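Q:
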Amino acid sequence: MDWVSIKKDFKRYLLLERGLSNNSIDAYLNDVQKLQRYCDITELNLSEISSKDLQKFLTWMNDFDIAAYTQARLLSGIKTFFAFLQIEYDRDNNPAELLETPRITRKIPQVLSIQEIDDLIAAIDLSAPEGMRNKAILEVLYGCGLRVSELCNLKISNLFLDVEFIKVEGKGNKERLIPIGEQAIKYLKIYLEEVRIHQPIKMGMEDYVFLNRRGNPLSRVMIFLIIKDLAAKIKLRKEISPHSFRHSFASHLVEGGADLRAVQDMLGHESITTTEIYTHIDKEYLQSVITQYHPRS
């Protein structure tokens with residue numbers, strides 16, 4: 001079997017049949033690349049791979065000391081690859097089907113307090129050319145709970161600010177509507193009407209909301225660096241990223257009593273169990289519940 005042709009067909013399958021994002025497709029292809037490397041080293045033919053061979057492959061990968069989450073994601077990619085071979089290449093079986101996924105312990109995500117978010121936004125230098133843009137970025141990240149890729153790809157044509165909604169394209173090119181609050185609308189409008197309108201814009205990029213000084217859409221790395229710089233300014237000890245604002249958005253909604261299903265819809269989670277991680281509650285609140293309601297308190 002020709003690895004080059006198979007990988008090309010697999011990429012087409014992930015894009016057209018599964019509707020995955022470019023980042024997800026790259027991750028799946030990276031998994032297959034690891035398997036190809038192992039097959040080359042062990043002189044193993046792809047058409048003859050068995051469950052035992054895949055178990056040895058995972059053991060080989062484990063020697064690189066990869067985390068359980070990474071192992072689970074790798075195995076998921078390999079299972080998808082062999083399922084694809086069954087469909088497109090008439091393979092008789094899926095040798096990855098019965099392999100057990102490593103047990104993963106869910107970590108409570110790093111969440112910012114409302115005060116920390118206020119401090120980060122207050123640290124933005126509004127006298128700098130990019131100041132108002134960065135303020136709008138943080139307000140939208142926290143106000144709408146977007147993934148960083150969703151923020152980078154946000155389009156002007158998908159802003160419905162008069163009815164306080166925005167439309168984003170999430171994982172698997174799935175679109176969803178998200179409410180947007182007054183604060184985020186206010187600074188988004190200032191950026192669009194008073195700042196962005198005066199900067200150069202590259203041809204074909206006119207519909208993107210957030211642009212760099214050369215008129216191209218902002219990259220994920222750039223958003224990350226903006227937030228890291230602000231965290232250093234206020235001497236924040238937490239390790240944060242753009243995703244921290246998404247975590248904080250969800251956590252603050254749930255702690256405030258928001259319906260979990262509504263939060264799931266806004267975040268674009270396929271499973272409610274993913275959203276349930278935000279039901280963690282701080283110790284002070286638990287203590288206050290005991291004090292208020294327990295007969296022996």
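If you use UniProt numbering, the sequence shown corresponds to residues 1 to 297, in order. All residues carry an ideal CB built from backbone N, CA and C; glycine is no exception. The model shown is predicted, which means the values in this text are computed figures rather than measured ones.
1. Just curious, the beta strand (DSSP E) that E116 is in, first and last residue?
2. Tell me which residue opens and which closes the alpha helix (DSSP H) that I41 is part of.
3. Report, in whole angstroms, the separation of the C-beta atoms of E139 and A184, which I expect to be a contact under 8 angstroms.
4. Please state whether the Cβ-Cβ distance between P217 and L225 is less than 9 angstroms.
5. Determine the extent of the beta strand (DSSP E) in which F165 is found, giving its start and end residues.
6. Is there contact between the segment 199-215 and the segment 80-88, where contact requires at least three CB pairs shorter than 8 angstroms?
7. Sorted by chain position, which residues of the same chain lie with C-beta nearer than 6 angstroms to L230's C-beta, five sequence neighbours on each side aside?
8. Quick check on V168: buried or exposed, where buried means 16 or more other Cβ atoms within 10 Å of its Cβ?
9. The beta strand (DSSP E) with E175 in it runs from where to where?
10. Using C-beta distances below 7 angstroms, list every residue in its chain close to L35, excluding the 5 sequence neighbours before and after it, in chain order.
11. Let me confirm a value: M132 is counted as buried when at least 16 other C-beta atoms fall within 10 Å, else exposed. Which label applies?
12. Check for me: the alpha helix (DSSP H) holding S251 runs from which residue to which?
13. List, from N- to C-terminal side, the alpha helix (DSSP H) runs of 4 residues or more that fit wholly inside the segment 178-235.
14. Can you tell me the Cα-Cα spacing of R18 and D125, whole angstroms?
15. For G145 and M266, which I take to be in contact (beta-carbon distance under 8 angstroms), what is that distance rounded to the nearest angstrom?
16. Measure the C-alpha to C-alpha separation of L161 and P179 and round it to an integer number of angstroms.
17. Taking E239 and Q110 to be in contact with their CB atoms under 8 angstroms, please state how far apart those CB atoms are, rounded to whole angstroms.
18. Anyone know if the C-beta pair for residue 333 and F245 falls short of 9 angstroms?
19. Is C152 buried or exposed, if buried means 16 or more other CB atoms sit within 10 Å of its CB?
20. At the level of alpha carbons, what is the spacing between E255 and L112?
21. Please check the pair L85 and S51, which I expect to be a contact at CB under 8 angstroms, by giving their CB distance rounded to whole angstroms.
22. Taking A128 as the reference, which of V195, S219 and I49 has the closest Cα?
A: Reading it off the structure:
1. Not the beta strand (DSSP E): E116 falls in the alpha helix (DSSP H), residues I114 to A122.
2. N22 to T42
3. 4 angstroms
4. no
5. F165 to E169
6. no
7. L120 and A123
8. buried
9. E175 to P179
10. F57 and I78
11. buried
12. P242 to E255
13. 182-190 and 220-233
14. 43 angstroms
15. 6 angstroms
16. 9 angstroms
17. 6 angstroms
18. Residue 333 cannot be examined here, being either before or after the span of the chain that is shown, 1 to 297.
19. buried
20. 13 angstroms
21. No, L85 and S51 are not in contact; Cβ-Cβ is about 14 angstroms, not under 8 angstroms.
22. V195
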